[in-house]
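Asker: One structure coming up, written as structure tokens, with questions to follow.
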Amino acid sequence: EEDEKKASYYFSMASIQFRKLNQYGTARSNARKAAELKSGWGRPYMLIADMYASTASGCGDSWNQRLAILAAVEKYSYAKSIDSEVAAEANDRIAKYRSSYPDQNEGFMRGIKAGQSAKVGCWIGETVTVRFK
């Protein structure tokens, strides 16, 4: 029960740091702490995905912006895989961002095929599995 309270506090801090203070790295760290304290809770991963999606436009060129969207989609997918309570919301957001996936032609020009890994730039810094529109 104590861990559940702590998880809730960390999640609240993360939400404020993201939505009000634009402290994305700290917010992500606190969201991860919340998730560690309360297993099977998808809400922190939804928050991280929202951070990725909302900051994607600041992640460099079009390719990197689209990779940031893939990072968000991967987090939404993970959230729904561990927590059925967020599944419908996650599915809605995944559908919303599907049109923002990278273009296959751009992947071809970069020598990247569907299923390969690619590093997301900017503050996100995660590796995603590339998929195309």
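Residue numbers for the sequence shown follow our numbering, beginning at 789 and rising by one. Every residue, glycine too, gets a C-beta built ideally from N, C-alpha and C. The structure displayed is predicted, hence computed values, not measured ones.
When DSSP labels each residue in this structure, what does Ala-819 get in the three-state scheme?
Answerer: As a position in the sequence shown, residue 819 is number 31, starting the count at 1. Note: Ala-819 maps to helix in three-state DSSP.
Asker: So for Ser-865, helix, strand or coil by DSSP?
Answerer: In the sequence shown, counting from the first residue as 1, residue 865 sits at position 77. If DSSP states are grouped into helix, strand and coil, Ser-865 belongs with the helices.
Asker: Going by DSSP, what residue range makes up the alpha helix (DSSP H) through Ser-796?
Answerer: On the sequence shown, residue 796 is found 8 positions in, with the first residue counted as 1. Ser-796 -> alpha helix (DSSP H) spans 790 to 807.
Asker: Just verifying my parser: in three-state terms, what is the DSSP assignment at Val-916?
Answerer: Residue mapping note: residue 916 aligns to position 128 of the sequence shown, counting from 1. Correct three-state label for Val-916: strand.
Asker: Secondary structure at Lys-907, three-state DSSP: helix, strand or coil?
Answerer: Numbered from 1 along the sequence shown, position 119 holds the residue referred to as residue 907. The answer is strand: DSSP assigns Lys-907 an E or B state.
Asker: Expressed to the nearest angstrom, what Euclidean distance is found between the alpha-carbon atoms of Ile-900 and Val-861?
Answerer: On the sequence shown, residue 900 is found 112 positions in, with the first residue counted as 1. On the sequence shown, residue 861 is found 73 positions in, with the first residue counted as 1. If you take the alpha carbons of Ile-900 and Val-861, they lie about 19 Å apart.
Asker: Classify Ile-804: buried if its beta carbon has 16 or more other beta carbons within 10 angstroms, exposed otherwise.
Answerer: Here residue 804 refers to the residue found at position 16 of the sequence shown. With fewer than 16 Cβ atoms within 10 Å of its Cβ, Ile-804 is classed as exposed.
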